[in-house]
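S.K.:
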Amino acid sequence: LSGGLYGALGARLRPGALFVLRRADFSRRLRAADAVVSGEGKLDQQSLDGKAVGTIAELCAAAGRPLHLIAGVNALDPARAERAGIGSVRTASSLAAITAMARAIGAAGARAAAT
Numbered sequence: 008l009s010g011g012l013y014g015a016l017g018a019r020l021r022p023g024a025l026f027v028l029r030r031a032d033f034s035r036r037l038r039a040a041d042a043v044v045s046g047e048g049k050l051d052q053q054s055l056d057g058k059a060v061g062t063i064a065e066l067c068a069a070a071g072r073p074l075h076l077i078a079g080v081n082a083l084d085p086a087r088a089e090r091a092g093i094g095s096v097r098t099a100s101s102l103a104a105i106t107a108m109a110r111a112i113g114a115a116g117a118r119a120a121a122t
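Shown next as structure tokens:
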């Protein structure tokens, strides 16, 4: 669709992840953060090539902030994750693990909001 709009109407093509992160004021939020937690259904090489997780990893690395990921499946080579500046990857591979992670994230968010 984007290629057709570009060709037929002269539309501008922009990376979607960066567009959304700018709209969410991610840079300001990143400066105020000690670390960032993000997620990906399947973490693999494609995750780092233009998808939101890859863009977030680049921004975190540039800001000197650790990035911790929660993934349904982790298929990314550990050395590649390290080079991308990903501090840790946790895999939520079962309903119990997903539920526990959701509770932990909720509790962390509540603590952060209270400070």
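Just so we're aligned, residue 8 is where the sequence shown starts under my numbering, counting upward by one. Glycine is no exception: its CB is placed at the ideal position from the N, C-alpha and C atoms. These figures come from a predicted structure and were not determined experimentally.
Run the CB neighbour count on residue 54, radius 10 Å, all protein chains shown included, and call it buried at 16 or more, exposed below.
M.R.: buried
S.K.: What are the boundary residues of the alpha helix (DSSP H) that includes residue 74?
M.R.: Residue 74 -> not in any alpha helix (DSSP H); beta strand (DSSP E) instead, spanning 74-81.
S.K.: Would you list, in sequence order, the uninterrupted beta strand (DSSP E) runs of no fewer than 3 residues that lie entirely inside the segment 22-99?
M.R.: 43-50, 74-81 and 93-98
S.K.: Mind the definition here: the segment 111-120 touches the segment 63-70 only if three or more C-beta pairs lie below 8 angstroms; say whether that holds.
M.R.: Taking 8 angstroms as the limit for Cβ pairs, the verdict is that the segment 63-70 does not touch the segment 111-120.
S.K.: Give me the residue from 26, 62, 100 and 59 with the minimum Cα distance to residue 78.
M.R.: 100
S.K.: Taking a contact to mean a Cβ-Cβ separation below 8 angstroms, would you say residue 57 touches residue 73 in this structure?
M.R.: no
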